[in-house]
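Numbering (the working numbering), first residue to last: 152 to 1246.
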């Protein structure tokens, strides 16, 4: 445990790393809190991914293990997602990143084969918690188009683009010498090449017969033993899929003209039946009009009742704009089920894994481009199952994200109770059929909550405890505003191209359950949590007019060569500059010169608002247009339940609102906040020149852009990926904007003025040019006085300057503990009065006590470039650390770890770092993830106890940990995919079928495909690559210290094995010598007494 003596540091002794610097600040004094013991060390940190939640981005393939009840989904970027019961899911990634084109389970074997678009095959071991590749096979001369692995077989059929079929042994992942060549399959029946192989399957009743479908419409039934075709079937439309009847006498083909052809195996001349499920039947008996291709068909039989024929596609061409459909044909009834997104694939789930038995389908899994739907085939109307997976993260694009670990225990039940009333009705009453795997047994049990803000204005609360994710509650903020009925009524005052309700940032107090959201249309909404349903007659509205004139400033060089801009006094700080309203503004829409003025971007509804239990709107704050200029988007937001205040800032300045009294306390330009201590030299310039709106989710544009330019929607994902350098809390917001922006806000109880001895309520604010300012607040002491008297405000001036825009501020006490802001415990505002009084109480932060001229606590300030620890109230910098020189910090948080507190940073160059407090020693620095788009920058966030997350794709959240303890326990916390399950018994052949040779015919494939019978395959056709999960792969993947130990262990094993072999050979030689000696002795005795002539 390392101790840091602040007094010695201030006397000039340095106890930090060479990259940190200290400066004298505190007065000498013999006090215990001069010594802060730092308990966090580098061995407490390790970075690793934990779990990935959400819908697989851009899915491309799907498979299901009917015995293990596990679903696998492959994606276009080479990802593999595996799902079992609710809470059991796993993410894997192919290194190549090529699209997954097909998946094949080794049913009930705990293994999976993946085929990729780069013509590689991979065998995954699912018997371990983190699946690994055992073998890979890379084809070099042929392109893979289709794979088929028969049930309980080790031989995998591979169809190629050239029309050939190769066979792979999945145990050794080696090619067989047995090859079915396309010209041998079709012989003289076709004059042209049949095209790629699009289907392979064996006859359910005869494993020796292989059905091969070619793209051109040609189908061949191949006899594996005689190595020739038994039958050939030809149709003049391209084939997309083939499905067998379980008795092996019929099969169905789906075609590109929307037809289904049914073939009798022994009648190849023509189809037994041709139907067009969605075609209009002409009365004159002519051929139906062609329809869209039927991309897939499945033919499933039932012991009692008609068979099911399930297909996707095949709709008529005149159904323009109609959504994708799944068609279920059962007997004479045909059900067309509309889907919300295009269908990628579907699978019928059946009671038996044996293809030669009645299938008894009970559900259909439908993989859509952005959703996963499971349909119950056993109930009338085919209802869908309620999906237990967290696949609705992307229901509306995520625009911001916050992560809260170690929340109050009662929060999750409270949110779940109000959220359970929002669930849809009409789901199937049966249990979710994908039910494999087991949950993890980890000891991590603290409550975790993730909050996501979305482009449609919704806010979702998620239970993220124990590496799981479940939606708790959904809040729709757009209900507060009026919606345009048509395009003509769309408000012309929007400052975004689309998604005017999108959530830009949010502030949440878990203890008081107070929620505050800021939207892209320059609005802030304050919500309270209540278990009672109420009807709000009129929504409380407060309009704020924030205006300023641009001024060029020459910033003093404080460790950096920044030339930035700040605002001049242009907005009144009087509360009378904004009047609270309970209805939409009736102010004049135009100023005297015809410019839009005093108009908010959105119109608040003026009809009664029914508010369900949960979060209910308390106050709506809107910024208005000023003389033709749109309001600046909000760049920082903070709320405090103990003070009853919400503060927000932007490029114009700062506003502080009393949400209890519904009044504006402060509305001031940034320059006025400095008072007489303004360090900038300002050059006046025209306010109408080169002005544009800017905000947290906007793309940085040239300064020459006019006021008619609009900010982009958060959903645009900032396609401009030029991350040069940003000077605000949002990466691309103020990149080229020459104005000082309020980038960070923090409420706390502290000593903000020099020589203060009593802590007071304060508001700290950080700016985009690296200045930290303090404001002192005088809050009435009792709840009664608080509602009668206004909060006093006084300015304390600048506290410290840093390089780069300020990202995060926090308060640390003299013992080195994080001092959380004061808060008011939650009470239900709509509950009976006696219950309200019983639960209502304020929990103040422990007020720092100090003697005159002595420091009692420390401000922790982190910017895009630096971190500083400042002693308060003397305002002397005691520790300083330059975080990065060539990049900038995207996200910084002061977090609580089990062994202490630290600063966690994520930089644009991909580095994740942690710094100790107060000494700012680097404890962790890992090059984790280079910044590739704005989505990562906008959603990356750290939380307490070593947890972090970001949106890795538009549909998925990636969670990671930087805690060594969590990394060590990760294996126990993860769920298990594979569980020992007995394979169901094979169907009974029956006496007469066994007697007369009926029933399924088995085949010894080893005799056909083995090396003895088929020979060796060409070495140039495919290359075998040992996977990291195999022994060879483990040897090759070993690296670093662990790798050296592994290599040493392997070498010892090999040496021991060689020594053992040598010992065995020595023993054999000794035995041979003994035998020779014995024989020699016997020969000697035999001829001992004989004469030479007797020999």
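Just so it is clear, CB atoms sit at the ideal spot from N, CA and C, and this is done for glycine as well. Keep in mind that this is a model prediction, so the values were computed, not measured.
query, result
"Close Cβ partners of residue 424 (< 6 Å) along its chain, the five nearest in sequence each way excluded", "413"
"Proximity below 7 Å, CB of residue 528 to CB of residue 539", "no"
"Minimum length 4: unbroken alpha helix (DSSP H) runs contained in the stretch 578–611", "none"
"Alpha-carbon spacing of residue 217 relative to residue 516, whole angstroms", "12 Å"
"The alpha helix (DSSP H) enclosing residue 298, as first and last residue numbers", "Premise fails: residue 298 lies in the beta strand (DSSP E), 295–299, not in any alpha helix (DSSP H)."
"Whole-number beta carbon distance between residue 288 and residue 319, since they are thought to touch under 8 Å", "6 Å"
"Length of the line joining the Cα atoms of residue 510 and residue 457", "12 Å"
"Residue 358 beta carbon less than 7 Å from that of residue 1154", "yes"
"7 Å Cβ cutoff met for residue 1053 and residue 1067", "yes"
"Under 7 Å between C-beta atoms of residue 663 and residue 977", "yes"
"Pairwise C-alpha distance: residue 696 and residue 910", "32 Å"
"Supposed contact pair residue 391 and residue 348 - C-beta distance, whole angstroms, cut 8 Å", "About 13 Å separates the two Cβ atoms, so there is no contact after all."
"DSSP three-state assignment for residue 1227, whether helix, strand or coil", "helix"
"Residue 768 beta carbon less than 7 Å from that of residue 631", "yes"
"Where residue 785 sits in the DSSP three-state scheme", "coil"
"Where the beta strand (DSSP E) containing residue 1108 begins and where it ends", "1107–1114"
"Where residue 188 sits in the DSSP three-state scheme", "strand"
"Three-pair Cβ contact test at 8 Å for the stretch 606–623 versus the stretch 930–949", "no"
"Cα-Cα separation between residue 1030 and residue 771, rounded to whole angstroms", "41 Å"
"For residue 1043, the nearest candidate out of 213, 895, 968 (CA to CA)", "895"
"Neighbour-count burial assignment, residue 748, 16 or more Cβ in a 10 Å radius", "buried"
"C-alpha gap between residue 1230 and residue 1236, whole angstroms", "10 Å"
"Classification of residue 448 by the beta-carbon crowding that lies within 10 angstroms, buried from 16 upward", "buried"
"Start-end ranges of the beta strand (DSSP E) lying completely within the stretch 315–347, minimum 3 residues", "316–320, 325–331"
"Proximal residues to residue 683 (C-beta, below 6 Å), its chain only, five neighbours per side dropped", "981"
"Beta-bridge partners of residue 765, as assigned by DSSP", "681"
"For residue 950, the three-state DSSP class (helix, strand or coil)", "strand"
"Helix, strand or coil at residue 940 according to DSSP, with G and I counted as helix", "coil"
"6 Å Cβ shell around residue 964 - same chain, five flanking residues per side excluded", "970, 1008"
"Whole-angstrom distance between residue 1087 and residue 1103, CA atom to CA atom", "7 Å"
"For residue 524, the three-state DSSP class (helix, strand or coil)", "strand"
"Assigned secondary structure, residue 800 (DSSP; H/G/I helix, E/B strand, else coil)", "strand"
"Coarse secondary structure for residue 838, derived from DSSP in three states", "At residue 838, the pLDDT of 41 sits below 50, so the modelled position is not reliable and the matter cannot be decided from this model."
"Close beta carbons around residue 1058, own chain, < 6 Å, minus the five adjacent residues each side", "1035, 1038, 1040"
"Exposure label - residue 757; buried when at least 16 CB within 10 Å", "exposed"
"Test item: CB-CB of residue 266 and residue 298 under 7 Å", "yes"
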